[in-house]
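J.:
Number of protein chains: 2
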Amino acid sequence: MSKKSAPAATALAALADPTRRQLFERLRSGPRAVGELARGGTVSRPAVSQHLAVLKAAGLVRDTAAGTRRVYEIDPKGLAAIRAWLDDMWGGALQNFSAELEKDNDERES
Amino acid sequence: MSKKSAPAATALAALADPTRRQLFERLRSGPRAVGELARGGTVSRPAVSQHLAVLKAAGLVRDTAAGTRRVYEIDPKGLAAIRAWLDDMWGGALQNFSAELEKDNDERES
DNA sequence: ACACATGGTAAGCATACACTTACTGTAAGC
DNA sequence: GCTTACAGTAAGTGTATGCTTACCATGTGT
Numbered sequence: 001m002s003k004k005s006a007p008a009a010t011a012l013a014a015l016a017d018p019t020r021r022q023l024f025e026r027l028r029s030g031p032r033a034v035g036e037l038a039r040g041g042t043v044s045r046p047a048v049s050q051h052l053a054v055l056k057a058a059g060l061v062r063d064t065a066a067g068t069r070r071v072y073e074i075d076p077k078g079l080a081a082i083r084a085w086l087d088d089m090w091g092g093a094l095q096n097f098s099a100e101l102e103k104d105n106d107e108r109e110s
Numbered sequence: 001m002s003k004k005s006a007p008a009a010t011a012l013a014a015l016a017d018p019t020r021r022q023l024f025e026r027l028r029s030g031p032r033a034v035g036e037l038a039r040g041g042t043v044s045r046p047a048v049s050q051h052l053a054v055l056k057a058a059g060l061v062r063d064t065a066a067g068t069r070r071v072y073e074i075d076p077k078g079l080a081a082i083r084a085w086l087d088d089m090w091g092g093a094l095q096n097f098s099a100e101l102e103k104d105n106d107e108r109e110s
């Protein structure tokens with residue numbers, strides 16, 4: 001399924017931005033409202049909204065309406081997409097790397 | 001060694017670019033010279049060089065001089081950095097998600 | 001119903017960055 | 001030694017995008 005890389009690409013691009021990553025990591029502590037996220041962050045509230053929209057489009061977060069607040073939480077779907085892609089890459093990397101293992105031995109714990 | 005997230009950030013940013021990802025994925029087939037990579041790609045040779053430099057800085061590829069050719073191969077180090085970061089995120093995501101598992105069960109794959 | 005709070009959207013700006021065409025350096029082949 | 005091939009670097013350009021301020025929509029509490 002070559003179409004599997006597409007969501008991974010979106011998720012990768014989404015997490016490439018430092019602010020977005022920071023936002024995402026903050027959601028690890030649990031669901032948060034937009035204002036709550038903007039309060040402790042370094043950028044304005046609209047910026048947070050835009051970033052959350054990108055993360056949502058990438059399947060990395062999920063939003064729930066709670067009155068006038070909008071609560072965002074981590075959605076494992078996007079993370080799973082990245083993980084699948086990474087595992088695929090990892091296989092190829094090992095295949096390629098196994099031939100070099102004997103001659104190259106940088107700091108690497110077994 | 002507490003700056004483990006930094007390499008992950010670089011690697012994430014490097015792989016966020018489609019061309020760079022394409023380049024990286026092409027290296028799964030094995031080590032390739034720059035001209036070889038540019039030959040089948042969509043961008044010019046200098047662009048490939050620049051992208052390879054970024055990938056190298058991110059610890060994702062490794063280069064070896066072979067006469068006038070410069071052969072690039074996948075370096076698992078960058079991939080490992082991403083994987084470590086991902087695993088960390090995954091733990092948090094699961095922790096957050098476990099409470100929601102029962103009520104959420106949508107899949108709109110077709 | 002009115003006022004306040006919360007958050008998404010619009011428009012605009014400023015920087016970053018992916019790509020190109022030249023140029024330079026270096027190693028192989030004659 | 002000279003020419004040819006291969007690759008990295010410089011300089012410049014166009015577009016994408018992250019951020020801001022202003023505005024609009026929705027929901028809640030009195």
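These protein sequence lines are chains P and E, in that order. Okay, so the first sequence: first residue is 1 according to my numbering, each after it adds one. Okay, so the second sequence: first residue is 1 according to my numbering, each after it adds one. Quick reminder that beta carbons are idealized off the backbone N, C-alpha and C, glycines included.
#1: To the nearest angstrom, how far is it from the Cα of PRO18 (chain P) to the Cα of LEU12 (chain P)?
#2: Does any CB atom of chain P fall closer than 8 angstroms to the CB of LEU79 (chain E)?
#3: For PRO46 (chain P) and chain E, any beta-carbon pair shorter than 8 angstroms?
#4: Using 8 angstroms as the threshold, is the C-beta distance between ARG14 (chain P) and VAL71 (chain P) below it?
#5: Between which residues of its own chain and ALA81 (chain P) is the CB-CB distance below 6 angstroms, once the five residues before and five after are set aside?
#6: At the 8 angstroms Cβ level, is LEU15 (chain E) part of the contact set with chain P, yes or no?
#7: Using DSSP with H/G/I as helix, E/B as strand and the rest coil, what is THR68 (chain P)?
#8: So what does DSSP say about VAL61 (chain P), is it helix, strand or coil?
#9: Can you have a look at GLY78 (chain P) and say buried or exposed, based on whether 16 or more other CB atoms are within 10 angstroms of its CB?
#10: Anything in chain P within Cβ reach of ARG26 (chain E), meaning under 7 angstroms, just list it in chain order.
#11: My assumption, with CB atoms under 8 angstroms, is that ASP75 (chain P) sits in contact with ARG62 (chain P). Please give the rounded CB distance.
#12: Where do the N-terminal and C-terminal ends of the alpha helix (DSSP H) with ARG26 (chain P) fall, by residue?
#13: Can the beta-carbon of ALA132 (chain P) be found less than 8 angstroms from the beta-carbon of ARG28 (chain P)?
T.: Once the coordinates are examined:
#1: The straight-line gap from Cα to Cα measures roughly 12 angstroms.
#2: For LEU79 (chain E), the answer is yes, since a Cβ of chain P falls inside 8 angstroms of its Cβ.
#3: Not closer than 8 angstroms to any Cβ of chain E, the Cβ of PRO46 (chain P) fails to qualify, so no.
#4: The identity of residue 14 (chain P) in the sequence shown is Ala, whereas the question assumes Arg. Pairing ALA14 (chain P) with VAL71 (chain P) gives a Cβ-Cβ distance that is not under 8 angstroms.
#5: The beta carbon of ALA81 (chain P) is closer than 6 angstroms to those of PRO7, ALA8, ALA11 in its chain, skipping five residues each way along the sequence.
#6: Cβ-Cβ to chain P under 8 angstroms: yes for LEU15 (chain E).
#7: Here THR68 (chain P) sits in coil by DSSP.
#8: VAL61 (chain P): strand per DSSP, three-state reduction.
#9: It is buried - the Cβ of GLY78 (chain P) has at least 16 other Cβ atoms within 10 Å.
#10: Within chain P, no residue comes near ARG26 (chain E); the closest Cβ sits about 10 angstroms away, beyond 7 angstroms.
#11: Beta-carbon to beta-carbon, ASP75 (chain P) and ARG62 (chain P) are separated by about 4 angstroms, close enough to satisfy the 8 angstroms threshold.
#12: Taken as a continuous stretch (DSSP letters only), the alpha helix (DSSP H) holding ARG26 (chain P) covers 18-26.
#13: Beyond the ends of chain P as shown, which are 1 and 110, falls residue 132 (chain P); an answer cannot be given.
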